[in-house]
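Participant:
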Amino acid sequence: MKMIKNASTASKKAFINYGIVIVFFVVFQTLVSTGNITSALKGQLIPITCYMIMAISLNLVVGISGELSLGHAGFMSVGAFTAVIVSSLMDGASNPARLLVSIIVGAITAAIAGFLIGIPVLRLNGDYLAIVTLAFGEIIKNILNCLYVGIDDKGVHFAFNNPNALGMDPLGKVIINGPMGAVGISKIATFSGAVILLMVILIIIQNLVNSRTGRAIMAIRDNRIAAESMGLSPMKYKMLAFTVSASMAGAAGAVYALNYSTLVPKKFDFNTSILVLVFVVLGGIGNMTGSLIAAGVLVVLPELLRKFSDYRMLVYAIVLILVMLVTNNEKLKGKIDTFLKKFRMNISKGGRKK
Amino acid sequence: MSKSPEVKLVNVPSPNFVPEKDIDKPLVLEAAHLGIDFGGLVAVDEFNIGIGATEICGLIGPNGAGKTTIFNLLTKVYEPTRGTIMLGGKDTHNMTPVQVNQMGIARTFQNIRLFDKLTVEENVKIGLHNHIGYHTLSGVFRLPSYWREEKKSHEKALELLDIFGMADLANVTADSLPYGAQRRLEIVRALATGPKLLLLDEPAAGMNPSETEELMNNIRKIRDEFQIAVLLIEHDMNLVMGICESIVVLNFGRIIAKGTPSQIQENPQVIEAYLGTHRG
Amino acid sequence: MLAHLINGISLGSIYAIIALGYTMVYGIAKMLNFAHGDVIMVGGYVSFCSMMYLGLPAPVAILAAVFVCTVLGIVVERLAYKPLRAATSLAVLITAIGMSYFLQNAALLIWGANPKAFPNMFKNIEAIEFAGARVSPVAIVSIVANLIIMIALTLFTTRTKVGKAMRAVSEDKGAATLMGINVNFTISLTFAIGSGLAAIAGVLLCTAYPTLMPTTGSMPGIKAFTAAVFGGIGSIPGAMIGGILLGIIEILARAYISSELADAIVFGVLIVVLIFRPTGLLGKQVHEKV
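Residue numbers (our numbering), protein chains in the order written: chain A, 981 to 1334; chain B, 9 to 288; chain C, 84 to 373.
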């Protein structure tokens, strides 16, 4: 885990990340406006940005707070389906306003879900905590699979596990249809909107980490007993990180949902949670720059290398295992360090010969 | 289990042994009939102690006597099976380590527990945490209170580190410090929480004689400057006899003697149970 | 109702066999082997291929699956987990998740995404009538296999030298090493037994629910872990009780509440158990040393 050395390098790192986001936006916006981008990649721009948000927000829990959460996609889906309802209700308002309100309400709903789930989850440790977050992620998916929502003149109708219980006007519109998911979503998400959200979330995370609150979260991660003896309540700060992270996943889910016309709950299953975890691990646990780059590259790369898309997950799995082995085994770490040293020496020797 | 039930004790149980200068002040900590069992095994029993407001008190005893267990009881890492702990006149029954820290008790650990990956300064700032007055949201939005309080805590952290001459190490990560410096940093960090009572668990472990000498001076300096009480566990008898105003000797989880350093040194039971093994 | 109960016990027996693998590995290597569920899937495919492509008889196909999975278990442990004995539980768990993904995606490349219709393994066994309810051949085999495995494992860990070594390693790795126990061998053996059992569970599971896909093992795997936690991690009888109770809960939830929510209810059980009795029904308490 890489840690911030001091305030000045911390803010330097923060600005590097803002720079990355701005470059990312400028490059792709230029490609889009000059028409130098495949339509497949263009369609991926908003999802990529959402996955970047997912990765940095999960990194807040995994890297900064030190808890392995395997249900991050669950919070994303809470935000997504909330946004679908909110944006449908705001039919007629301007698109940016609908998007903004949907994001905010989605984030708040996901934060509430995160808080409620955090109460039992954060009392656990290690493997148990991980498996319970996974369980909650699946529970959220199952519940959404049973959720039916419709809108008619009288307002919003909810039904659980029984579409006939909606009690709608014949003219009403079903917007969330159980396992079939959300249908007829207005695609109001924009790339620039998604990037602004990413930037805001990045600022929040980095400022949070470099404040007394962030220090408290990291102290509890590094040594819970010592942190308690310093008067820091582990539950309070773990909960803060978990809830903030959930709300950010909810915001990302909102944008993600409003980029598609239909969306099924199954999209946000355990595999999506793992995919985001892969971004976090490969980018370096606790390293926000790494999360951004890993999310970006790993979503774009398979698009560029269509031929290899079959092997994508297999390669991710292998790389994931190798990264863990190399970074966590002292012997291997040592061997690689000496290899790199030799490699560098050879390069510098080669340079001198020229 | 205890082989010395009929030993005559010096000043046990309370009235407490309190140095003259603290007699008129309220006790900072008072424990009575304290005890804890682990799975039916009595680890500590009938522990009575009163610590004066600016007293330096030593807690000694052979390995496994239950010294660290007492620290864990006083800081509420363990909830006692029996007895009461009064901190500044308040009963700490059912309180958490977090609560008793906020009431003025801070500690170091026998097996060092620093926040390894954070810098020395950040470690101290975590100690200062509850004295840094800005809200999480002020931190997120970088409001003026964030900048003001961060600056203040930065200065305060350096000031505290300076007690041990460690201010120039502020930006080094804690795990890269040498062993002795890590022990000193733990003391600074505990001090930063603003305690009325400082518990030091083997502060001189692994230090050479000159480092120990310096540590003794610094413990005295801290006591005088901050006007706090210190309870310390230590095996280095020169340190214990050199700075402690009173000493409590523990064996098999029970107090076998209490008194001034000279009283303890002359106590035959103590010599037999503890000092004898050290002084041959 | 009785029919549901029998189905529940049958499914629960399969969970119990899988849970044994989790509970033994967790007890001894102190890690959550996330890839355990995927070993079930490999066992399913190996027996499927042995029967359908090689035309082997069912018992031989089962043995082949057990053999392949046992070797797989040992190899996975040696390559991925052994180098991480000293690492944090976070690192080990992520590696195990990586291994799970590796197995699933390797299976996807080898056997494709289309579900395979699993053949009936137990054609020669007659279904029996029990108090008016039909007990299917696979249910009979599952329940009987579960009982045999349970008794055999209990005898193995209490009566044999190797089994005792296993328990010693689970109590204290360092002390076991000092006593001359080969810890690496013991851990490998645990993975071997767990994976072999997973292969048997795979065959039973695929016979009971005859669609075989690369993701077949992941859900039953997680549920079996739930069963292991429910019964008390590290406890062999705990795995059996936890497995059977969980199987009954799942089948009843599916029948009387909602098939959509059955999984949610099973996971709800996990959460409730972990919060109110984290050591499970038959588990032991452990203290953190300060």
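Where a beta carbon is used, it is the ideal one built from N, C-alpha and C, also for glycine.
Using the beta-carbon of each residue, which ones in chain C are nearer than 7 angstroms to residue 1226 (chain A)?
Facilitator: Counting from one through the first sequence, the residue named residue 1226 (chain A) turns up at place 246. Under the 7 angstroms cutoff, chain C gives no residues; its nearest Cβ is about 17 angstroms from residue 1226 (chain A).
Participant: Is the separation between the beta-carbon of residue 131 (chain B) and that of residue 1211 (chain A) shorter than 8 angstroms?
Facilitator: Here residue 131 (chain B) refers to the residue found at position 123 when the second sequence is read from its first residue. Here residue 1211 (chain A) refers to the residue found at position 231 when the first sequence is read from its first residue. No; because the gap between Cβ atoms is not below 8 angstroms, this pair is not in contact.
Participant: Taking the straight line between their C-alpha atoms, what separation do you get for residue 21 (chain B) and residue 85 (chain B)?
Facilitator: As a working mapping, residue 21 (chain B) is identified with position 13 in the second sequence. As a working mapping, residue 85 (chain B) is identified with position 77 in the second sequence. With a pLDDT of 39 at residue 21 (chain B), under the threshold of 50, the modelled position of that residue is not reliable, and the figure given next carries that caveat. Residue 21 (chain B) and residue 85 (chain B): Cα-Cα distance of roughly 24 angstroms.
Participant: Between residue 339 (chain C) and chain A, is any beta-carbon pair separated by less than 8 angstroms?
Facilitator: As a working note, residue 339 (chain C) is residue 256 in the third sequence. Answer no: the Cβ-Cβ gap between residue 339 (chain C) and chain A never drops below 8 angstroms.
Participant: Quick check on residue 102 (chain B) - is its C-beta less than 8 angstroms from some C-beta in chain A?
Facilitator: Counting from one through the second sequence, the residue named residue 102 (chain B) turns up at place 94. No, because no Cβ of chain A sits closer than 8 angstroms to the Cβ of residue 102 (chain B).
Participant: Could you give the DSSP three-state label for residue 92 (chain B): helix, strand or coil?
Facilitator: Counting from 1 along the second sequence, the entry for residue 92 (chain B) is found at position 84. Here residue 92 (chain B) sits in strand by DSSP.
Participant: Enumerate, from N- to C-terminal direction, the unbroken beta strand (DSSP E) stretches of 3 or more residues contained entirely within the segment 1062-1135 of chain A.
Facilitator: Listed in chain order, the complete beta strand (DSSP E) runs (minimum 3 residues) inside the segment 1062-1135 of chain A are 1127-1132.
Participant: Below 8 angstroms on C-beta distance, what does residue 344 (chain C) contact in chain A?
Facilitator: As a working mapping, residue 344 (chain C) is identified with position 261 in the third sequence. Correct list: 1122, 1123, 1126, 1141.
Participant: Does the segment 1246-1260 of chain A come close enough to the segment 992-1012 of chain A to have 3 or more Cβ pairs within less than 8 angstroms?
Facilitator: Output reads no: the segment 992-1012 of chain A does not touch the segment 1246-1260 of chain A.
Participant: Tell me which residue opens and which closes the beta strand (DSSP E) that residue 238 (chain B) is part of.
Facilitator: Start at 1 with the first residue of the second sequence, and residue 238 (chain B) comes out as number 230. Counting along the chain, the beta strand (DSSP E) containing residue 238 (chain B) begins and ends at 237-241.
Participant: Chain A beta carbons: is any one of them nearer than 8 angstroms to that of residue 197 (chain B)?
Facilitator: Position 189 of the second sequence, counted from the first residue, corresponds to residue 197 (chain B). True, the Cβ-Cβ gap to chain A drops below 8 angstroms.
Participant: If you run the structure through DSSP and keep just helix, strand and coil, what is residue 157 (chain B)?
Facilitator: As a first step, residue 157 (chain B) is located in the second sequence; it is residue number 149 there, counting from the start. Reduced to three states, the DSSP call for residue 157 (chain B) is helix.
Participant: Quick one: list the residues of chain A neighbouring residue 115 (chain B), beta-carbon separation under 8 angstroms, in chain order.
Facilitator: Numbered from 1 along the second sequence, position 107 holds the residue referred to as residue 115 (chain B). Chain A residues near residue 115 (chain B): 1209.
Participant: In chain order, what residues of the same chain lie with their CB nearer than 6 angstroms to the CB of residue 77 (chain B), ignoring the 5 residues before and after it?
Facilitator: Within the second sequence, numbered from 1, the residue matching residue 77 (chain B) stands at position 69. If we look at residue 77 (chain B) and ignore the five residues flanking it on each side, its Cβ neighbours are 51, 52.
Participant: Report yes or no: do the segment 264-272 of chain B and the segment 97-108 of chain B share at least 3 C-beta pairs separated by less than 8 angstroms?
Facilitator: In short, these stretches do not touch, since the Cβ pair count stays below three.
Participant: Spell out the partners DSSP gives residue 65 (chain B) in its beta bridges.
Facilitator: Within the second sequence, the letter at position 57 stands for residue 65 (chain B). In DSSP, residue 65 (chain B) forms a bridge with B:239, B:254.
Participant: Return the chain-ordered list of same chain residues with a C-beta closer than 7 angstroms to the C-beta of residue 251 (chain B), the five sequence neighbours on each side being excluded.
Facilitator: As a position in the second sequence, residue 251 (chain B) is number 243, starting the count at 1. These residues qualify, in order along the chain: 64, 224, 227, 228.
Participant: So, is residue 90 (chain C) buried or exposed, given that buried needs 16 or more other C-beta atoms within 10 angstroms?
Facilitator: To locate residue 90 (chain C), count along the third sequence from 1; it is residue 7. Buried: at least 16 other Cβ atoms inside 10 Å.
Participant: The alpha helix (DSSP H) spanning residue 257 (chain C) covers which residue range?
Facilitator: The residue given as residue 257 (chain C) occupies position 174 in the third sequence. Counting along the chain, the alpha helix (DSSP H) containing residue 257 (chain C) begins and ends at 256-261.
Participant: So, is the C-beta of residue 105 (chain B) closer than 8 angstroms to a C-beta in chain A?
Facilitator: Taking the first residue of the second sequence as position 1, residue 105 (chain B) is located at position 97. Interface residue, yes.
Participant: Under the rule that 16 or more other beta-carbon atoms within 10 Å means buried, what is residue 192 (chain C), buried or exposed?
Facilitator: As a working note, residue 192 (chain C) is residue 109 in the third sequence. It counts as exposed.
Participant: By a C-beta neighbour count over all protein chains shown, 10 Å radius and 16 as the cutoff for buried, is residue 9 (chain B) buried or exposed?
Facilitator: Residue mapping note: residue 9 (chain B) aligns to position 1 of the second sequence, counting from 1. Confidence at residue 9 (chain B) is low in this model, with a pLDDT of 37, below 50, so its placement is unreliable and no value can be given for it.
Participant: Does the beta-carbon of residue 225 (chain C) have 16 or more other beta-carbons within 10 angstroms, so that it is buried, or is it exposed?
Facilitator: One-based indexing of the third sequence puts residue 225 (chain C) at position 142. By the neighbour-count rule (16 or more Cβ atoms within 10 Å), residue 225 (chain C) is buried.
Participant: Exposed or buried, residue 359 (chain C), counting other C-beta atoms within 10 Å across all chains shown (16 or more means buried)?
Facilitator: For this step, residue 359 (chain C) is matched to residue 276 along the third sequence. Exposed is the call here.
Participant: Relative to the alpha-carbon of residue 1281 (chain A), which residue among A:1177, A:1015, A:1021 has its alpha-carbon at the smallest distance?
Facilitator: Residue mapping note: residue 1281 (chain A) aligns to position 301 of the first sequence, counting from 1. Out of A:1177, A:1015, A:1021, A:1021 has the C-alpha closest to the C-alpha of residue 1281 (chain A).
Participant: Is residue 996 (chain A) helix, strand or coil when you go by DSSP?
Facilitator: The residue labelled residue 996 (chain A) in the question sits at position 16 within the first sequence. Residue state, collapsed to three classes: helix.
Participant: By the 7 angstroms beta-carbon criterion, what residues does the segment 1177-1200 of chain A contribute toward chain B?
Facilitator: Residues 1184, 1187, 1188, 1191, 1192, 1193, 1195, 1196, 1198, 1199.
Participant: Is it right to say residue 197 (chain B) is buried, meaning 16 or more other beta carbons lie within 10 angstroms of its own, or is it exposed?
Facilitator: For the purposes of this step, residue 197 (chain B) is taken as residue 189 along the second sequence, with counting starting at 1. It is buried - the Cβ of residue 197 (chain B) has at least 16 other Cβ atoms within 10 Å.
Participant: Drop a sphere of 10 angstroms on the beta-carbon of residue 1121 (chain A), count the other beta-carbons inside from all chains shown, and report buried for 16 or more, exposed for fewer.
Facilitator: For the purposes of this step, residue 1121 (chain A) is taken as the residue at position 141 of the first sequence. The residue in question, residue 1121 (chain A), is buried, as its Cβ has 16 or more Cβ neighbours within 10 Å.
Participant: Under a CB-based cut-off of 8 angstroms, is residue 1346 (chain A) close to chain B?
Facilitator: Outside the shown range of chain A (981 to 1334) lies residue 1346 (chain A), about which nothing can therefore be said.
Participant: Output yes or no for whether 8 angstroms exceeds the beta carbon distance between residue 280 (chain C) and residue 95 (chain C).
Facilitator: The residue labelled residue 280 (chain C) in the question sits at position 197 within the third sequence. The residue labelled residue 95 (chain C) in the question sits at position 12 within the third sequence. No. Outside cutoff.
Participant: Report the residue from B:159, B:178, B:126, B:117 whose alpha carbon sits nearest the alpha carbon of residue 141 (chain B).
Facilitator: For the purposes of this step, residue 141 (chain B) is taken as residue 133 along the second sequence, with counting starting at 1. Measuring from the Cα of residue 141 (chain B), the nearest candidate turns out to be B:159.
Participant: Could you say which of C:86, C:99, C:108 lies nearest to residue 277 (chain C) if we only look at CA atoms?
Facilitator: The count along the third sequence starts at 1 and reaches residue 277 (chain C) at position 194. Checking every option, the nearest Cα to that of residue 277 (chain C) belongs to C:108.
Participant: By how many angstroms is the C-alpha of residue 219 (chain B) removed from the C-alpha of residue 188 (chain B)?
Facilitator: Stepping through the second sequence from its first residue, residue 188 (chain B) is reached at position 180. Stepping through the second sequence from its first residue, residue 219 (chain B) is reached at position 211. Computed Cα separation, rounded: 8 angstroms.
Participant: What residues are listed by DSSP as bridge partners for residue 1162 (chain A)?
Facilitator: Here residue 1162 (chain A) is taken as the residue at index 182 of the first sequence, counted from 1. Its beta-bridge partners are A:1156, A:1243.
Participant: Would DSSP call residue 101 (chain B) helix, strand or coil?
Facilitator: On the second sequence, residue 101 (chain B) is found 93 positions in, with the first residue counted as 1. In the structure shown, residue 101 (chain B) sits in coil (DSSP, three-state: anything other than H, G, I, E or B).
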